[in-house]
Amino acid sequence: MDIIDKFLHSKWLAKATKCIKTPGAMTKLGLSAGIYIKKNGLKSVSEHLTLMTNYVKDVASGRYKGYNKTHLTLIVAAILYVVSPLDIIPDFLIVAGLVDDAAIIAWAFNEMSKELSKYKEAIDKAQGSEKAESSKAVK
71 MDIIDKFLHS KWLAKATKCI KTPGAMTKLG LSAGIYIKKN GLKSVSEHLT LMTNYVKDVA
131 SGRYKGYNKT HLTLIVAAIL YVVSPLDIIP DFLIVAGLVD DAAIIAWAFN EMSKELSKYK
191 EAIDKAQGSE KAESSKAVK
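Take 71 as the starting number for the sequence shown in our numbering and just add one per residue.
This is how it looks when you write it as structure tokens:
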């Protein structure tokens, strides 16, 4: 059984389901993930993890409402996995402990790429609208 199968058949999805019921827990998760984004062993997936973390924070804050609950659950589960020091390969095993984290993030990003693209488009569009509104106010 590989890392992805172990991930999908473990406690992470149940933990994610519980987490998404509480916006405060999702916000806290986003803050915790921010620390992990900077880890050397995760540089190859740092952009993916950043986008996934922003997605979770924007859902939690209500800024992004067009999400799919199943996709949100998988993304939250992947982030929970990464921030947990006791996952399939514990992080205290310096190199190996981050390899599984990077694999889970890369897998989740690929699986949720359409959802994350939809999110990015919506946020970019909202930011464009905000800029247009602020430039109108300046004139």
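Virtual Cβ for every residue (Gly too), placed ideally from N, Cα, C.
None of these values were measured; they are calculated from a predicted model.
Who are the near neighbours of residue i in its chain, counting only those whose CB is closer than 7 Å to its CB and skipping five residues on each side?
{"i": "residue 87", "result": "143"}
{"i": "residue 93", "result": "130"}
{"i": "residue 128", "result": "134 and 193"}
{"i": "residue 207", "result": "Legend: pLDDT at residue 207 = 49, less than 50; position of this residue unreliable, value from coordinates given subsequently. No residues qualify anywhere along the chain."}
{"i": "residue 71", "result": "Its pLDDT being 48, under 50, residue 71 is placed unreliably by the model, and nothing is read from it."}
Are residue i and residue j close, meaning C-beta to C-beta below 9 Å?
{"i": "residue 188", "j": "residue 132", "result": "no"}
{"i": "residue 149", "j": "residue 119", "result": "yes"}
{"i": "residue 89", "j": "residue 101", "result": "no"}
{"i": "residue 138", "j": "residue 181", "result": "no"}
Within its chain, find whatever has a CB closer than 6 Å to the CB of residue i; leave out the 5 residues flanking it on each side and keep chain order.
{"i": "residue 115", "result": "172, 175 and 176"}
Return the residue from the list the options that minimises the CA-CA distance to residue i.
{"i": "residue 78", "options": "198, 186, 145 and 193", "result": "145"}
{"i": "residue 195", "options": "147, 134, 152 and 153", "result": "134"}
{"i": "residue 151", "options": "192, 178, 127 and 125", "result": "178"}
{"i": "residue 107", "options": "122, 85 and 72", "result": "122"}
{"i": "residue 153", "options": "139, 140, 72 and 104", "result": "104"}
{"i": "residue 124", "options": "83, 190 and 72", "result": "190"}
{"i": "residue 140", "options": "83, 170 and 169", "result": "83"}
{"i": "residue 117", "options": "183, 81 and 80", "result": "183"}
Grab me the residues of residue i's own chain with a C-beta within less than 8 Å of its C-beta, minus the 5 sequence neighbours each way, in chain order.
{"i": "residue 192", "result": "134 and 136"}
{"i": "residue 126", "result": "96, 99, 100, 103, 142, 145, 146 and 149"}
message: Ignoring anything shorter than 4 residues, give me the alpha helix (DSSP H) runs that lie fully in the segment 107-151, in order along the chain.
response: With a minimum length of 4 residues, the continuous alpha helix (DSSP H) runs that stay inside the segment 107-151 are 116-131.
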